[in-house]
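K.L.:
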Amino acid sequence: MNLVELRQVVVGYHHEPLLPAIDLALAPGAFLGVVGPNGSGKTTIIRTMLGLNQPLSGSIVFPARRRPRFGYVPQRASVDLTFPLTAFEVTLMGRYGLIGPGRQPKARDHERARTALTDVGCDDLSGRPFHALSGGQRQRVLVARALASEPEILVLDEPTTGMDLPSERAMLDLVSSFTSRQIAVVMVSHQLGAVSDYALELALVPGPGQHVEIGSRKEILTSARLTRIYGRPIAVRSVDGHAVIFVEHECDTGPVEKV
Amino acid sequence: MEPAAGFFESWFLWRDPLAVAIIAAALCAFVGVYIVMKRIVFVSAALSQMSGVGVAIAFYLASVAGVDPHHAPLYLNPLWYALGLAAAGAALFSLNLNRRRLAGETVVGLGYLIAAASVIMILNSPRVGQEAHEVNDLLYGNAVAVPPEQLKIMSGTAILIGLVHGIFGKEFVFTTYDAEMARTLGVRTRSWNLLLFLTFAAAISVSTRAIGALPVFAFMVIPPAAGLLLGQRLWQVFAISVVVAVLGATLGYYASWHWSLPTGASMVVVTALFLLPGIARLRMKGGS
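Sequence order for the protein chains is A and B.
Residues in the first sequence are numbered from 720 upward in steps of one, following the numbering used here.
Residues in the second sequence are numbered from 916 upward in steps of one, following the numbering used here.
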């Protein structure tokens, strides 16, 4: 049974539609990559799914007749660094929705938060101030906070922005591993090449006013489709079973720039 | 007679005013941590003015009804009007106005300006003219002389707000730190934000009547800033903020007595001195 279904959902701001109607379903263990150029509306789609924005029309259906637990990892830049909180305190906040108002975290909540930090390899950072962590460590702690909420759907918004290649791959390996626990993962990224190695399904968001194309990696990652959407010649090659995407410069004969 | 000896011998004169000043300072410093961390310091100035409008309206209505404002019935009590107007302002400011066309700080500025102008207008009407001086005292108390019931009202307000924060502190911190994440977890951030702002309104309107607008604004900003400069953990920031406010109010009151200085201003200046250790620490660390 699907966890959530978007049926003919139109997303937008201030009553202005941004994209045509979207149909989308997420099952346990799915890994959906939401990709597309900057400013195309990727974040608006996930914000609507999370309930942070209201759909302009259409409906968001929860087939199990209850809202699934969402774990949200916002863009790193949106987190306030002036708060004097430790990595553990930030992670523990993931439990607050389950604890309920007016109640204090119990030993079980502390244990879950510690486990989440261990899961992301940050157990040794528990007592460190959040603002003093490196960008990659902060991102991992934010993933731990989302995990502490025992999510059925984990939603990540550009989690690898600003990371070097090894850190980016480590983060994607980590996120990908959650699908084996039947957690559905939705990851927004403008880094098409990185996401395409991990996501089983892709939602390609071409830009305002254009239809979102959803399908398997193989269906979505075609040279013709990407060339049309990005407005530049793009080649998709297969190297050792991995899709490798290149932007071809028009004056050149071969691929020179990896996306 | 030495001023210090005179001070301690005259304890019956300053006991209640100092107690009120200390409670107001501690309360403002506590809720001020949220105000500083939310980066909305001028909300306290705007809410203070809005509570002033409430007091002015109560006096105006009393004069229209031909009732002595000092012995007005409950429905014309200035405190209720002050709380009501401040609560209305708090409800307005608690909305996430930054998403709309006007930035949140613009709305706060508009609230301040309209309220300040309204107070002046009402107090200068012929109906309230004779009471204007007393209304000013009610609006912006001077922390030197307080009526006996003021200590009870101030203590009761502090206990009530302390209880609300003690029970719902987790929700207030979460919605202040990351409201979007909180919403995705099903936390009703608008309701919690509204409740948090209502505690601001109550603290500001009651404290302003007791010690004046300037000290209230100062205690909302300076001690939390000192706390943030020195504290490594959130609980330390709250603790340092309250301790700095209590010391600033006490020493400022004493300095005012000793050197015959204006009490409110004296408390503000002394409290500001507590920023120095934090600034020195920052400079030693090479931070900004």
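Virtual Cβ for every residue (Gly too), placed ideally from N, Cα, C.
What residues of chain A sit near B:Tyr1092, judged by a beta carbon separation below 9 Å?
P.N.:
Here the neighbours are Val798, Asp799, Phe802, Leu804, Val809, Met812.
K.L.:
Which residues mark the beginning and the end of the beta strand (DSSP E) in which A:Gln727 is found?
P.N.:
Run containing A:Gln727: 723 to 729, per the beta strand (DSSP E) assignment.
K.L.:
Helix, strand or coil, according to DSSP, for B:Arg954 in the structure here?
P.N.:
Looking at B:Arg954 - three-state DSSP - the assignment turns out to be coil, as it is neither helix nor strand.
K.L.:
Which residue's Cα is closest to the Cα of B:Met1096: A:Leu919, A:Leu861, A:His909, A:Arg833?
P.N.:
The shortest C-alpha separation from B:Met1096 is found at A:Leu861.
K.L.:
Buried or exposed: A:Val904, going by 16 or more other Cβ atoms within 10 Å of its Cβ?
P.N.:
Burial call: buried.
K.L.:
Taking the alpha helix (DSSP H) that A:Glu808 falls in, what are its first and last residues?
P.N.:
Residues 806 to 811.
K.L.:
Is DSSP giving A:Phe965 helix, strand or coil here?
P.N.:
If DSSP states are grouped into helix, strand and coil, A:Phe965 belongs with the strands.
K.L.:
Who pairs with A:Leu923 in a beta bridge, going by DSSP?
P.N.:
Bridge partners of A:Leu923: A:Val754, A:Glu932.
K.L.:
Find the residues of chain B that neighbour A:Pro820, judging by a C-beta separation of less than 7 Å, and give them in chain order.
P.N.:
By Cβ distance, chain B contributes Phe1083, Glu1086.
K.L.:
Take the Cβ of A:His930 as the centre, count every other Cβ of all protein chains shown within 10 Å, and call the residue buried at 16 or more, exposed below.
P.N.:
Label assigned to A:His930: exposed.
K.L.:
Given A:Val955, which residues of its chain have a CB within under 7 Å of its CB, disregarding the five upstream and five downstream residues?
P.N.:
Hits under 7 Å: Leu940, Thr941, Ser942, Leu945, Ala962, Ile964.
K.L.:
Using the three-state DSSP reduction, which class does A:Glu976 fall into: helix, strand or coil?
P.N.:
Reliability of the predicted coordinates at A:Glu976 is poor, the pLDDT of 48 falling under 50, and the value obtained from them is presented with this limitation in mind. Here A:Glu976 sits in strand by DSSP.
K.L.:
Measuring CB to CB, does A:Val907 end up less than 8 Å from A:Asp883?
P.N.:
No, Cβ-Cβ distance for A:Val907 and A:Asp883 is not below 8 Å.
K.L.:
Can you check whether the CB of A:Val754 is closer than 8 Å to the CB of A:Ile872?
P.N.:
Taking 8 Å as the Cβ cut-off, A:Ile872 and A:Val754 do not qualify as a contacting pair.
K.L.:
With 16 as the cutoff for other CB atoms within 10 Å, does A:Gly881 come out buried or exposed?
P.N.:
So A:Gly881 counts as exposed.
K.L.:
Along chain B, in chain order, which residues have C-beta atoms closer than 9 Å to that of A:Ser982?
P.N.:
Nothing can be reported for residue 982 of chain A: it is not among the residues displayed for chain A, which extend from 720 to 978.
K.L.:
Which bits of chain A does B:Gln1147 rub up against, with CB to CB less than 8 Å?
P.N.:
The answer, in chain order, is Pro803, Pro848.
K.L.:
Can you find a C-beta in chain B that's less than 8 Å from the C-beta of A:Leu751?
P.N.:
Cβ-Cβ to chain B under 8 Å: no for A:Leu751.
K.L.:
Along chain A, which residues have their Cβ under 7 Å away from the Cβ of B:Lys1089?
P.N.:
It is Phe, not Lys, that sits at residue 1089 of chain B in the sequence shown. Correct list: Met812, Tyr815.
K.L.:
Using a C-beta cutoff of 8 Å, does B:Thr1099 count as contacting chain A?
P.N.:
Closer than 8 Å to some Cβ of chain A, the Cβ of B:Thr1099 qualifies, so yes.
K.L.:
Of the residues A:Ala863, A:Arg822, A:Pro824, A:Asp828, which one's Cα is nearest the Cα of A:Asp842?
P.N.:
Of the candidates A:Ala863, A:Arg822, A:Pro824, A:Asp828, the one whose C-alpha sits nearest the C-alpha of A:Asp842 is A:Ala863.
K.L.:
Looking at C-alpha atoms only, which residue of B:Ile1074, B:Val1043, B:Asp1093, B:His1173 is the closest neighbour of A:Thr801?
P.N.:
The candidate whose alpha carbon is nearest that of A:Thr801 is B:Asp1093.
K.L.:
Identify which residue in A:Asp742, A:Phe849, A:Pro756, A:Lys825 has its Cα closest to the Cα of A:Asp799.
P.N.:
Closest by alpha carbon: A:Phe849.
K.L.:
Starting from the C-beta of A:Ile948, find all residues in its chain whose C-beta is less than 6 Å away, skip the five residues before and the five after it, and write them out in chain order.
P.N.:
Excluding residues within five positions, the ones whose Cβ falls inside 6 Å are Pro925.
K.L.:
I want to see whether chain A comes within less than 8 Å of B:Val1079, judged by CB atoms only; does it?
P.N.:
No, its Cβ sits nowhere closer than 8 Å to a Cβ of chain A.
K.L.:
Are there 16 or more other CB atoms within 10 angstroms of the CB of B:Glu1086, so buried, or fewer, so exposed?
P.N.:
With 16 or more Cβ atoms within 10 Å of its Cβ, B:Glu1086 is classed as buried.
K.L.:
Just the chain A side, please: which residues come within less than 7 Å of B:Met952 by C-beta, in chain order?
P.N.:
Those are Thr801, Phe802, listed as they occur along chain A.
K.L.:
Using the Cβ count rule (16 or more neighbours within 10 Å means buried), how would you classify B:His1080?
P.N.:
B:His1080 is buried by the Cβ-count criterion.
K.L.:
Can you list, in chain order, the residues of its chain whose CB lies under 6 Å from that of A:Glu976, leaving out five sequence neighbours each side?
P.N.:
Below a pLDDT of 50, predicted positions are generally treated as unreliable, and A:Glu976, at 48, falls in that range; no measurement from the model is reported.
K.L.:
Quick check: the Cα distance between B:Ala1187 and B:Ile1137, rounded to an integer number of angstroms?
P.N.:
For B:Ala1187 and B:Ile1137, the distance between alpha carbons rounds to 6 Å.
K.L.:
Counting only Cβ-Cβ distances shorter than 8 Å, please list the residues of the stretch 946 to 968 of chain A near chain B, keeping chain order.
P.N.:
Per Cβ criterion, the list is empty.
K.L.:
A:Phe1014 touches chain B at which residues, Cβ-Cβ below 8 Å?
P.N.:
Residue numbering for chain A in the displayed model covers 720 to 978; residue 1014 of chain A lies beyond these limits and cannot be assessed.
K.L.:
At least one CB of chain B closer than 8 Å to the CB of A:Gly758: is that the case?
P.N.:
So no, A:Gly758 is outside the interface.
K.L.:
Apply the 10 Å Cβ neighbour rule to B:Pro932 and answer buried if 16 or more other Cβ atoms are within range, or exposed otherwise.
P.N.:
B:Pro932 is buried by the Cβ-count criterion.
K.L.:
So, do the stretch 907 to 918 of chain A and the stretch 725 to 737 of chain A have three or more beta carbon pairs nearer to each other than 8 Å?
P.N.:
The stretch 907 to 918 of chain A, when compared against the stretch 725 to 737 of chain A, does not touch it at the 8 Å Cβ threshold.
K.L.:
Would a check of beta-carbon distances place A:Pro787 closer than 8 Å to chain B?
P.N.:
No, A:Pro787 does not count as interfacial toward chain B.
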